[in-house]
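Novice: Can you read through this structure? Questions will come right after.
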Amino acid sequence: MSTCIGGPSVDDYAGIRIKYATLDPDNVWRSLKCELHTDNMFKQRCKLCVRLMNISRAMKSNIQLSLKLNRKKRLGPTLTPTRTETPKHLFKTKHNTQKSNLRKDSIIQTLKLKFNELKSKMELVSNSYVDDLHKSMNVNESQCFD
Ligand SMILES: [Zn+2]
Numbered sequence: 250m251s252t253c254i255g256g257p258s259v260d261d262y263a264g265i266r267i268k269y270a271t272l273d274p275d276n277v278w279r280s281l282k283c284e285l286h287t288d289n290m291f292k293q294r295c296k297l298c299v300r301l302m303n304i305s306r307a308m309k310s311n312i313q314l315s316l317k318l319n320r321k322k323r324l325g326p327t328l329t330p331t332r333t334e335t336p337k338h339l340f341k342t343k344h345n346t347q348k349s350n351l352r353k354d355s356i357i358q359t360l361k362l363k364f365n366e367l368k369s370k371m372e373l374v375s376n377s378y379v380d381d382l383h384k385s386m387n388v389n390e391s392q393c394f395d
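For the sequence shown, my numbering gives the first residue as 250, with consecutive numbering after it.
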């Protein structure tokens with residue numbers, strides 16, 4: 250016979266509360282009906298603490314399972330049609346905005362080109378105007394001289 254070491258440790262089974270067990274000073278759950286010794290010296294735990302281990306293991310896997318399910322549930326709504334519609338719609342809007350931005354850019358480019366064209370035309374016109382003016386002045390001058 251040897252002393253029962255108790256059930257599961259709190260560290261291994263965090264978040265698990267066992268009604269019919271008490272917490273040992275070394276943070277180990279021990280059955281309220283712990284036999285305090287084992288019926289076999291090769292065993293570390295009494296029957297009841299072994300049962301506590303099994304129960305805790307089951308509780309832990311249940312908690313993990315429910316966490317998994319909750320995660321799935323939380324992911325669930327994003328897969329509904331209304332929610333999936335939003336990103337597509339947003340993408341569409343973004344795409345359209347980019348498109349219209351591109352269109353604006355091309356309009357600006359065209360306007361710039363037209364402006365440059367006009368500017369150079371105006372320069373030509375003004376040059377020719379000045380030329381004409383000079384000519385006319387010359388003419389005038391010559392007329393004056395005459
Ligand atoms: Zn025990």
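Note that beta-carbon positions come from the ideal geometry of N, C-alpha and C, so glycine has one too. Values in this document were obtained by computation on a predicted structure and should not be read as measured data.
#1: K296 and E284 look like a contact to me (Cβ under 8 Å); what is the Cβ gap, rounded to whole Å?
#2: Per the DSSP calculation, S258 is bridged to which residue(s)?
#3: I want to know whether the region 294 to 309 touches the region 258 to 275 - three or more CB-CB distances under 8 Å.
#4: Quick check: I254 and Q293, are their CB atoms within less than 8 Å of each other?
#5: Between which two residues does the beta strand (DSSP E) harbouring T271 extend?
#6: Quick one: grab the DSSP three-state call for T359.
#7: I want to check one thing, is the minimum distance from the CB of S310 to the heavy atoms of ligand 1 below 7 Å?
#8: Do V299 and N276 have their beta-carbon atoms positioned less than 8 Å apart in this structure?
#9: I'd like to know whether the C-beta of S315 is nearer than 8 Å to at least one C-beta of chain B.
#10: Does ligand 1 have even one heavy atom less than 7 Å from the beta-carbon of S258?
#11: Output needed for S251: all residues of its chain with C-beta closer than 6 Å, excluding positions within five of it in sequence on either side, in chain order.
#12: Name the residue from R320, R279, N319 whose alpha carbon lies nearest to the alpha carbon of L301.
Specialist: This is what the structure holds:
#1: That belief holds up - the Cβ atoms of K296 and E284 are roughly 7 Å apart, short of 8 Å.
#2: V277
#3: yes
#4: Yes, the pair counts as a contact, with Cβ atoms nearer than the cut-off.
#5: 270 to 272
#6: helix
#7: no
#8: no
#9: Absent from the structure: chain B. Only one protein chain is present.
#10: The answer is no for S258.
#11: T287, M290
#12: It is R279.
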